[in-house]
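All remarks here apply to the structure that follows.
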Amino acid sequence: SNILTIQEKIKEDLNDIRVKTLNEWAINYTKGDIIKELQITCSKSKNDSKNPVLRLIDKPTRFEFLVSIALKQHFRELHVYPNYHVDDEGLPTFTASGGIADIECFATDNNPLVEVTLMSSRTQATNEMPAITRHLQEAKEKYPDKFVFSVFIAPTIHADTKYMAGYSKFQYDVDILTYTLKEFIKNIGESLQKSYFCMY
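Residue numbers (my numbering): 1 to 200.
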């Protein structure tokens, strides 16, 4: 029982430092800085980030980190809880584990789940959409009094991904919004003056 208690305390401490570090990055870097880093991360160019910390984080994990920062910067009242693994300084070391959303968000009347991937081929649909649908079904049961939906972000969105999002809506009544990185940046830019989450 002592071992279990210690493990739970470590988990709580890591969650605290994860959010603390996320908030610090959201304050210490401008919205323009983070958008630029998002574009670099999603680019196929060999040129990489000049940031001494970000360049050491592998791109899939970095993408989750940067999207979390962008959400925190643009939606002031949104509580952002990324699920990527972190080190003892709260910096991401690996992408979120399977079975949970990449980024969980909590607003006044809705709980959006944010999922990101750098995949752009047809495997984007088969690898991501069934899990996203499952996460949404579980979240709707967990938060019956909130509107729960998912935002899926990738450099580009494959046609099969859009098809499967429509199928999930028809078959399971879950809402999955698909955004290219360009669309995501445009959408959050239009939401600068809003304090609530309005990606939907």
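Glycine included, each C-beta is placed from N, C-alpha and C at the ideal position. In this text, all values refer to a predicted model and were calculated from it rather than measured experimentally.
The DSSP-derived three-state label of F75 is coil.
Using a Cβ distance threshold of 7 Å, I132 and V114 do not count as a contacting pair. No Cβ-Cβ contact shorter than 7 Å links Y81 with E64.
Going by beta carbons, I57 and P92 fall inside the 7 Å limit.
Counting every other CB atom within 10 Å of its CB across the protein chains shown gives N111 a total of 16 or more, marking it as buried. When the five nearest sequence neighbours on each side are left out, the beta carbons in the same chain lying within less than 8 Å of the beta carbon of K169 are those of D175 and I176, in order along the chain. For N111, the beta-bridge partners assigned by DSSP are V148. Ranked by how close their Cα comes to the Cα of I188, the residues P130, V86, R76 and F106 have R76 in first place. If only complete runs of 4 or more residues are kept, the segment 159–196 shows the alpha helix (DSSP H) at 159–172 and 181–190, in order along the chain. The three-state reading of DSSP puts I153 in strand, counting E and B together. Listed in chain order, the non-local C-beta contacts of K162 below 8 Å within the same chain comprise T178, local neighbours out to five positions each way being set aside. The straight-line gap separating the alpha-carbon atoms of I157 and D173 is approximately 21 Å. Residue burial is scored here from C-beta neighbours: P60 has at least 16 other C-beta atoms within 10 angstroms and is therefore classed as buried. Distance from the CA atom of F149 to the CA atom of A165, rounded to whole angstroms, is 11 Å. Under the three-state reduction of DSSP, I57 is assigned to coil, being neither helix nor strand.
Taking 7 Å as the cut-off, the beta carbon of A70 is found closer than this to the beta carbon of I34. In the same chain as F147, and ignoring 5 residues on each side of it, the C-beta atoms closer than 7 Å to its own belong to D109 and N110, in chain order. Here DSSP, grouped into helix, strand and coil, assigns E64 to helix.
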